[in-house]
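If you're matching positions, the sequence shown starts at 81 in our numbering and goes up one per residue. Glycine residues also receive a C-beta, built at the ideal position from the N, C-alpha and C atoms. Quantities reported herein were computed from a predicted structural model and do not represent experimental measurements.
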Amino acid sequence: MARRAGGGLHRRAVLTGALALSACGPQAAKSQPAPLPPLKTLAPFRVGACVQALHLDDPALAALLAREVSQLTPEWQMKMEYIVQPDGSFRFDAPDRIAAFARAHGMGLLGHTLVWYAQAPEAFARLDENRIGFTDAYRNYILAVAGRYRGQVVGWDVVNEAVAEDGDGWRDSLWAQRLGAFDHIALAYRTAREADPDAALLLNDYNLEYFPRKRATYLNLAERLLASGAPLTGLGTQMHVAADVPPGEITRMIRELASLGLPIHISELDVSLTRAENKLLSRAELQRRQAAVYAEAAEAFMALPERQRFAFTVWGLRDRDSWLTAENAADAPAIFDNAGRPKAGAVALAEAFRR
């Protein structure tokens, strides 16, 4: 069996063995002679996962998070949909709990997200301009949320999914309508920096590997923010991809994002089986391709200069906790199975990270 220098198994051999192991079921997994080392111990950067506060009530998942990752992203409980109440007050119980768990386990915390086109809380939509101007309310929200977690977060997804799906400019939103398509974005970055002088401030988006035009518009927006003096300090690519994403597209995307010289965050990675467009592929073939996608993502990230590797985050550790499994119970997008055993995707990440 081919081996790498230092005695590690060659990646292809490891992946083959992992796939065979996963096909043999729980009994084979129990007999695995050498458990996979925690991912966070192998990577020379933060390895992250998303979490909801209720997940922390599951002792098995809490233990898996503590063992495997060094950064947490609140899945949705740091978004306006959770924090902003109908009367305009703010609710922080769930994000506070996630922040406390991260702090207790020596993990970084990624703030997600301050501004998202898809959310327009009732309190903002019916704002009484005689009492407070829209600009002041917008700034006050960012100052309150980013300021609350100042010194706790390693960074913020300041603006999420700003680019239109077809790449034709930027998305419309309440924020764009009231403050300007570009101005509301730049203002968010300036205000976030005011609230937290030390946090990384990222621009996060999705489908950048699938649509070159969207990717180009995303990069153009980043360049315009930098040219305007807005304190953009990193780029996030979500990477909710299917197992049949064409080989090489992820590598190409990451190389293009890296051209600006900013740190890159693979921010929400999962690899769906059921979203694959090629319906002729067998489940076994989709699982093989899934592992290959995880491998390509990790290898492309590892190829970045060290200063550009911000963090590598998977969107859920176990299949059962994934939003994709909630959408389709037949899916199995994560790197660990429902019992917390590493799948071939976890092995692929480990092999790439330990290089």
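Same chain, Cβ closer than 7 Å to residue i, neighbours up to 5 away in sequence not counted
| i | result |
| --- | --- |
| Ser102 | Annotation note: pLDDT 44 at Ser102 (below 50); position unreliable, coordinate value reported separately. So the list reads Lys423, Ala424, once near-sequence residues are dropped. |
| Gln370 | Ala323, Val351, Leu353, Gly425 |
| Thr331 | Glu376, Ala380 |
| Ala133 | Gln157, Ala174, Arg177, Ile178 |
| Arg171 | Tyr162, Ile163, Gln165 |
| Thr215 | Leu259 |
| Ala217 | Phe204, Leu207 |
| Arg230 | Ala275, Asp276 |
Among the options, the one whose alpha carbon lies nearest that of residue i
| i | options | result |
| --- | --- | --- |
| Ala242 | Asn220, Leu223, Tyr286, Gly231 | Tyr286 |
| Glu274 | Ala296, Ala244, Leu312, Trp250 | Leu312 |
| Thr393 | Gly188, Pro292, Arg355 | Gly188 |
| Pro139 | Ala419, Arg434, Phe433 | Ala419 |
| Ser169 | Gly249, Lys120, Glu357, Val225 | Val225 |
| Arg400 | Asp411, Thr297, Phe390 | Asp411 |
| Ala383 | Ala372, Ala432, Trp395 | Ala432 |
| Asp276 | Thr297, Gly227, Arg251, Gly316 | Gly227 |
| Val195 | Arg206, Arg211, Phe181, Tyr221 | Tyr221 |
| Asn284 | Ser402, Ala123, Leu207, Leu342 | Leu342 |
| Ala142 | Arg206, Val427, Ile334, Phe181 | Phe181 |
| Gly316 | Asp237, Ser402, Ala406 | Asp237 |
| Ala244 | Ala217, Leu301, Asp216 | Leu301 |
| Arg368 | Phe390, Pro117, Pro327, Phe262 | Pro327 |
| Ile334 | Ala372, Leu366, Pro292 | Pro292 |
| Ser402 | Pro118, Pro117, His135 | His135 |
| Leu144 | Ala356, Lys120, Pro385 | Lys120 |
| Arg395 | Asp137, Asp417, Pro413 | One detail in the question is off: residue 395 reads as Trp in this sequence, not Arg. Nearest of Asp137, Asp417, Pro413 to Trp395, Cα basis: Pro413. |
| Tyr374 | Glu386, His320, Ala406, Pro385 | His320 |
| Phe416 | Val427, Gly309, Asp278, Ala406 | Val427 |
Beta-carbon proximity check, residue i vs residue j, cutoff 8 Å
| i | j | result |
| --- | --- | --- |
| Leu404 | Asp350 | yes |
| Gly314 | His264 | no |
| Ser253 | Tyr197 | yes |
| Leu305 | Tyr269 | yes |
| Ala146 | His185 | yes |
| Gln318 | Ser347 | yes |
| Val131 | Pro115 | no |
| Leu190 | Gly128 | yes |
| Glu303 | Leu340 | yes |
| Ala280 | Val239 | no |
| Leu397 | Glu148 | yes |
| Glu329 | Glu289 | yes |
| Ala391 | Arg126 | yes |
| Leu122 | Arg434 | yes |
| Glu386 | Pro117 | no |
Own chain, CB closer than 6 Å to residue i, minus 5 neighbours either side, in chain order
| i | result |
| --- | --- |
| Gln112 | Since pLDDT at Gln112 reaches only 49, below the 50 mark, its modelled position is unreliable, and no value is offered. |
| Val164 | Pro201, Ala203 |
| Ala378 | Leu429, Ala432 |
| Gly105 | Confidence at Gly105 is low in this model, with a pLDDT of 44, below 50, so the placement of that residue should be treated as unreliable; the coordinate-derived value is given next. None. |
| Thr297 | Val243, Gly247 |
| Ser308 | Ala266 |
Run of the beta strand (DSSP E) containing residue i, from where it starts to where it stops
| i | result |
| --- | --- |
| Trp196 | 188-196 |
| Thr153 | 151-154 |
| Arg126 | 126-131 |
| Asp350 | 344-352 |
| His320 | 320-322 |
| Arg400 | First-last for Arg400: undefined, no H or E at that position. |
| Phe392 | 389-394 |
Opposing strand residues paired with residue i [DSSP bridges]
| i | result |
| --- | --- |
| Leu283 | Val239, Leu315 |
| Pro422 | Phe416 |
| Trp250 | Val243 |
| Ala226 | For Ala226, which the question treats as bridged, DSSP gives no partner whatsoever. |
| Phe170 | Val164 |
| Val233 | Leu189 |
Neighbourhood of residue i by C-beta, 8 Å cutoff - its chain only, sequence neighbours within 5 removed
| i | result |
| --- | --- |
| Gln199 | Lys159, Met160, Glu161 |
| Arg219 | Leu267, Thr271 |
| Arg363 | Leu353 |
| Ala256 | Tyr197, Trp250, His264 |
| Asn358 | Asp324 |
| Arg183 | Leu189, Gln232 |
| Glu336 | Arg295, Leu299 |
| Ala310 | Ile265, Ala266, Tyr269, Arg270 |
| Asp167 | Ala203 |
Heavy atom of the ligand ATP within 7 Å of residue i beta-carbon
| i | result |
| --- | --- |
| Phe170 | Among the ligands in the structure shown, none appear at all, so the ligand ATP cannot be discussed. |
Extent of the continuous alpha helix (DSSP H) run through residue i
| i | result |
| --- | --- |
| Lys294 | 292-308 |
| Arg211 | Premise fails: Arg211 is in no alpha helix (DSSP H) and is neither H nor E. |
| Leu267 | 263-275 |
| Gln367 | 363-382 |
| Ala338 | 329-338 |
| Lys120 | 119-122 |
| Glu202 | 202-205 |
| Ala142 | 139-148 |
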